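Below: one structure, written as structure tokens.
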Amino acid sequence: MTRTKILTWKCIILGCYKSTTDPESRLPQPVLKQTPLLQPRVSISDVSDDPSSTLFADDLSNPLIGLNLHVFSLVELGIVTRNFSRSRLLGEGGFGPVFKGFVSDKLRPGLKAQPVAVKLLDLDGLQGHKEWLAEIIFLGQLRHPNLVKLIGYCCEDEQRLLVYEYMAGGSLENQLFRSYSTPLSWSKRMKIAIGAAKGLAFLHEADHKPVIIRDFKTSNILLESDHTAKLSDFGLAKDGPEGEDTHVTTRRIGTQGYADPEYIMTGCLTTKSDVYSFGVVLLELLTGKRCIDNSRPKREQNLVEWAKPRLKDPRKLDQIIDQMMEGQYSTRGARKAAALAYSCLSHNPKQRPRMSDAVVILEGLQDFNEGLVVRPFVYVAPNDEDSNSSIKTIADSPSSKQNILQEKNADPSFSDYVLTVISGISTTAPPIPR
Ligand SMILES: Nc1ncnc2c1ncn2[C@@H]1O[C@H](COP(=O)(O)OP(=O)(O)O)[C@@H](O)[C@H]1O
Ligand SMILES: [Mg+2]
1 MTRTKILTWK
11 CIILGCYKST
21 TDPESRLPQP
31 VLKQTPLLQP
41 RVSISDVSDD
51 PSSTLFADDL
61 SNPLIGLNLH
71 VFSLVELGIV
81 TRNFSRSRLL
91 GEGGFGPVFK
101 GFVSDKLRPG
111 LKAQPVAVKL
121 LDLDGLQGHK
131 EWLAEIIFLG
141 QLRHPNLVKL
151 IGYCCEDEQR
161 LLVYEYMAGG
171 SLENQLFRSY
181 STPLSWSKRM
191 KIAIGAAKGL
201 AFLHEADHKP
211 VIIRDFKTSN
221 ILLESDHTAK
231 LSDFGLAKDG
241 PEGEDTHVTT
251 RRIGTQGYAD
261 PEYIMTGCLT
271 TKSDVYSFGV
281 VLLELLTGKR
291 CIDNSRPKRE
301 QNLVEWAKPR
311 LKDPRKLDQI
321 IDQMMEGQYS
331 TRGARKAAAL
341 AYSCLSHNPK
351 QRPRMSDAVV
361 ILEGLQDFNE
371 GLVVRPFVYV
381 APNDEDSNSS
391 IKTIADSPSS
401 KQNILQEKNA
411 DPSFSDYVLT
421 VISGISTTAP
431 PIPR
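Heads up: the sequence shown is residues 1 to 434, going by the UniProt record's numbering.
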């Protein structure tokens, strides 16, 4: 019989303040609960209000609970990050600042020497223990190549910290929008979209209780140096509906510009709310523009409102694609990606595709610019010393706007697929990425 544990919020909160050496306060193993068909997982919905149960923060790393995380002290993480030095600051979100550090293999048995990212709760901020615990419960159990790996945590008095694998490419937000970053090519953008889509498909559709990340956005997509994307920041994540349930009703939170308008209006949360946010990120990848930017002209400030009508008009699409790509993308590929973004941004959640459908579409688009034939062309360079011109032939010059591009191997089945997804009657059931 498959069984999972019931934890109590209260007991974990209490546990963080109690001495772990007090044997009196350790109660028997938590009660186990049945979850047929799905892989057992301690979830936020398993958390009960039973005040009689006590579970210590240290017990979160108990193999019985399956989290398999290292527990660090504040002093240890201070050493790892050179006392949380500003020079090591990687970024900052609603939870608090994130610092780069390095752990040695001598710190804990089984821990390999590696760079890490240490996230420190801002005690004056709006987030706290609940978000910290959500990260531990979700990321401590869910492992996938497109989810950032949580290595461990620290819980001392009110201090809450999280230790992750370090992602050398930083966040997608920084790579896409910071002026000092090298512009991302079409295939890198598609690689990132595929990785993020696979991460979401795993959360929504794999054989565990569905998880809704609820705050999917560019600053929560982290990149390896080869542009493999991993989802991070599960502080606002929520267990999705199960069985007969179509949605979960919950307080409305998220980030302006990314949050699903339907969920914000009704409070009904489904996995399709993440699909909407994915559509916003895909649109940002295609246009190179932030979803909300008050420095733009008034009618362009909200990217979705401005760009959505243009996504389905092939003549207008070229006007909105990121100029930083210097035309180095295939028009057919861009149209298919735009059609996918359009369907993800549908007002009716039922018309939005499943993330595994999105993965299949995107996988067909990544190499679209490699499928282009870049023809050699003749460039007549003026010769200062001589009035005669010298003639050079340039081929495969990816940055030149003058290259003549032509698609090859156009696959008509892709457009059919996009159409099926838009109309919401997808008949294909692609394998769930794991
Ligand atoms: N594992 C990591 N490796 C590299 N940079 C990271 C890592 N985790 C977070 N960051 C940086 O810190 C920022 C904030 O992290 P995030 O987990 O989103 O925190 P918050 O929960 O406060 O929003 C990210 O946008 C990114 O720039
Ligand atoms: Mg964040």
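All residues carry an ideal CB built from backbone N, CA and C; glycine is no exception. It should be emphasised that the depicted structure is a prediction, and the values quoted were computed from it without experimental measurement.
Buried/exposed call for Gly-235, threshold 16 Cβ in 10 Å: buried
In this structure, how does DSSP classify Phe-99 when only helix, strand and coil are distinguished? strand
Inter-residue spacing [alpha-carbon to alpha-carbon] between Val-148 and Leu-161: 16 Å
Please state the DSSP three-state secondary structure of Ser-85. coil
How far does the alpha helix (DSSP H) with Arg-214 in it reach, from first residue to last? Element bounds for Arg-214: n/a, residue is neither H nor E.
Of the choices Glu-205, Cys-268, Lys-209 and Arg-143, whose alpha-carbon is the least far from that of Lys-230? Arg-143
Closest residue to Glu-244 among Glu-224, Thr-270 and Ile-253 (Cα-Cα distance): Thr-270
Contact check, Ala-168 vs Leu-89, beta carbons under 9 Å: no
Do Ile-212 and Lys-238 come within 9 Å of each other at the CB atom, strictly closer than that value? yes
Note the first and the last residue of the continuous beta strand (DSSP E) segment covering Gly-152. 150 to 156
Flag this pair as yes or no: are the beta carbons of Lys-209 and Gly-254 separated by less than 9 Å? no
Rounded to a whole number of angstroms, what is the C-alpha to C-alpha distance between Glu-131 and Tyr-263? 20 Å
With distances taken between CB atoms, is the gap from Arg-41 to Gln-141 smaller than 9 Å? yes
Answer yes if the region 72 to 83 comes into contact with the region 166 to 184, meaning at least three C-beta pairs across the two stretches below 8 Å, and no otherwise. no
Could you have a look at Cys-291 and say whether DSSP puts it in helix, strand or coil? coil
Would Tyr-180 be called buried (16 or more neighbouring beta carbons within 10 Å of its own) or exposed? exposed
Other residues of its chain near Gln-256: CB distance less than 8 Å, five sequence neighbours each side excluded: Ile-292
Report yes or no: do the region 68 to 81 and the region 115 to 127 share at least 3 C-beta pairs separated by less than 8 Å? yes
At what residues does the beta strand (DSSP E) containing Glu-165 begin and finish? 159 to 165
Just reading off the beta strand (DSSP E) that Gln-114 is part of, what are its end residues? 114 to 120
Measuring alpha carbon to alpha carbon, tell me which residue in Leu-121, Thr-246, Lys-188 and Asn-220 is nearest Leu-286. Lys-188
Which two residues bound the contiguous alpha helix (DSSP H) that contains Lys-230? Counting along the chain, Lys-230 falls outside any alpha helix (DSSP H), though it belongs to the beta strand (DSSP E) covering 229 to 231.
If you reduce the DSSP assignment to three classes, tell me which class Gly-240 lands in. coil
Can you determine whether any heavy atom of ligand 1 sits closer than 8 Å to the C-beta of Tyr-166, and answer yes or no? yes
Skipping 5 residues on each side, what residues in its chain have a beta carbon closer than 8 Å to that of Ile-321? Leu-286, Thr-287, Tyr-329 and Ala-334
Would you kindly work out how many angstroms separate the C-alpha atoms of Val-275 and Glu-305, rounded to a whole number? 17 Å
Can you give the Cα-Cα distance for Lys-298 and Ala-307, rounded to whole angstroms? 13 Å
Once the 5 residues before and after Pro-183 are set aside, which same chain residues still bring their CB inside 7 Å of it? Met-324 and Met-325
CA-to-CA distance, Leu-150 to Val-71, given in whole angstroms: 11 Å
Can you say whether Asp-260 is buried or exposed, counting buried as having 16 or more other CB atoms within 10 angstroms of its CB? buried
Heavy atom of ligand 2 within 8 Å of Asp-367 beta-carbon: no
Among the candidates Asp-105, Ile-137, Phe-95 and Leu-172, whose CA atom is the shortest distance from the CA of Asn-68? Ile-137
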